[in-house]
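Participant: Per UniProt numbering, the sequence shown starts with residue 1, numbered consecutively.
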Amino acid sequence: MKLTHRSARKPAGPIAVGAAAGAVAAGGMLLARKALALARTGKGHPLKHRALDLAAAALQPKYPLDAMSTYLNGFHMYADDMGRQVEATHFCVHLRHDLHQCVIFDRNAPDARLIGIEYIIGEERFRALPEDEKRLWHSHHYEVKSGTLTAPGIPDLAEHTYFTDLVSTYGKTFHTWQYDRDDFPYGIPQLMMGLTEDGQIDEALVEDRDRRLGVSSSRKREQRAGIPMPDVAPGANSWESGRTVQTRLEERDFKR
1 MKLTHRSARK PAGPIAVGAA AGAVAAGGML LARKALALAR TGKGHPLKHR
51 ALDLAAAALQ PKYPLDAMST YLNGFHMYAD DMGRQVEATH FCVHLRHDLH
101 QCVIFDRNAP DARLIGIEYI IGEERFRALP EDEKRLWHSH HYEVKSGTLT
151 APGIPDLAEH TYFTDLVSTY GKTFHTWQYD RDDFPYGIPQ LMMGLTEDGQ
201 IDEALVEDRD RRLGVSSSRK REQRAGIPMP DVAPGANSWE SGRTVQTRLE
251 ERDFKR
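Structural data, given as structure tokens:
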């Protein structure tokens, strides 16, 4: 379910416009555009709260967010249910040579819902993990080679180079919002996995995503044919064995 905001069609109002003007003085037109975008989100927020949001957007540095330079779009499934597949919009930073970290939203929009996180590591680091830890990780070989994982807006040559590196990586993903079921973040984080072969993905999801973002998964697949398909390291994609792991709440005695 996609959230829609009628307030997005209304004028921002004198306070929001004033805050946007302040943003221009504080940091230029880029901050002003961010401020105006914030003014048009937050259905039901009092105007004074939106004005505070605008001021914060203009005046407060947000270094971890600014560093997230890579935008990826793909699909995840719940680790214990292939039938539950969801679109995932990633914003990532290459934190170290063998570690990326990503925040995940339901879409790329000012009012997007934060739905999870993903850590991405290289094959060497994955092979060194404890066996129990490996069960939490999935490979990216099929997501890359199939064209279903994409970097919208990036030129083909640059994208090809990026995915040549990403094809042999592994991800650990938890979704904190089961937005395929509820329009509220109920419950506990759920372990997610990636699909690994043809015939698994919901083609309707892919077609809808491709149409909205103006990309072609089939064309991406053809373009990536020359990327070598890596062998998947043992221990990844644990669900393929027929047994998997998933999070649950457990009551315990409180320690003082």
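Ideal placement from N, C-alpha and C gives every residue a C-beta, glycine not left out.
With 16 as the cutoff for other CB atoms within 10 Å, does K255 come out buried or exposed?
Facilitator: Exposed, because fewer than 16 other Cβ atoms sit within 10 Å of the Cβ of K255.
Participant: Please return the same chain residues whose Cβ sits closer than 6 Å to the Cβ of D132, not counting the five positions on each side in sequence.
Facilitator: Excluding positions up to five away in sequence, the list is empty.
Participant: Whose CA, out of E159, V86 and M193, lies closest to the CA of Y142?
Facilitator: It is M193.
Participant: Quick one: residues in its chain with C-beta nearer than 8 Å to the C-beta of V144, no 5 flanking neighbours on either side, listed in chain order?
Facilitator: Taken in chain order, the residues that qualify are F163, L166, V167, R224 and I227.
Participant: Tell me which residues share the same chain as R229 and place their Cβ nearer than 7 Å to its Cβ, disregarding the 5 neighbours each side in the sequence.
Facilitator: Note that residue 229 corresponds to Met in the displayed sequence, not to Arg. The answer, listed in chain order, is H141 and K145.
Participant: Straight-line CA distance for G116 to E222?
Facilitator: Whole-angstrom Cα-Cα distance: 30 Å.
Participant: Helix, strand or coil, according to DSSP, for A21 in the structure here?
Facilitator: Note that A21 scores 45 on pLDDT, short of 50, meaning its location in the model is unreliable; the coordinates nonetheless yield the value given after this. Three-state DSSP puts A21 in a helix.
Participant: In three-state DSSP terms, what is W137?
Facilitator: Looking at W137 - three-state DSSP - the assignment turns out to be strand.
Participant: Ignoring anything shorter than 3 residues or poking outside the region 118-201, list the beta strand (DSSP E) runs there in chain order.
Facilitator: Correct list: 137-139, 170-175 and 190-193.
Participant: Tell me where the alpha helix (DSSP H) around E222 begins and ends.
Facilitator: From DSSP, the alpha helix (DSSP H) with E222 extends over S217 to Q223.
Participant: Do you know offhand how far A67's Cα is from L195's?
Facilitator: Approximately 28 Å, taken between the alpha carbons.
Participant: From the DSSP output, in three-state form, read off E240 for me.
Facilitator: It is helical.
Participant: Between the beta-carbon of L149 and the beta-carbon of L205, is there less than 9 Å?
Facilitator: No, they are not a contact pair.
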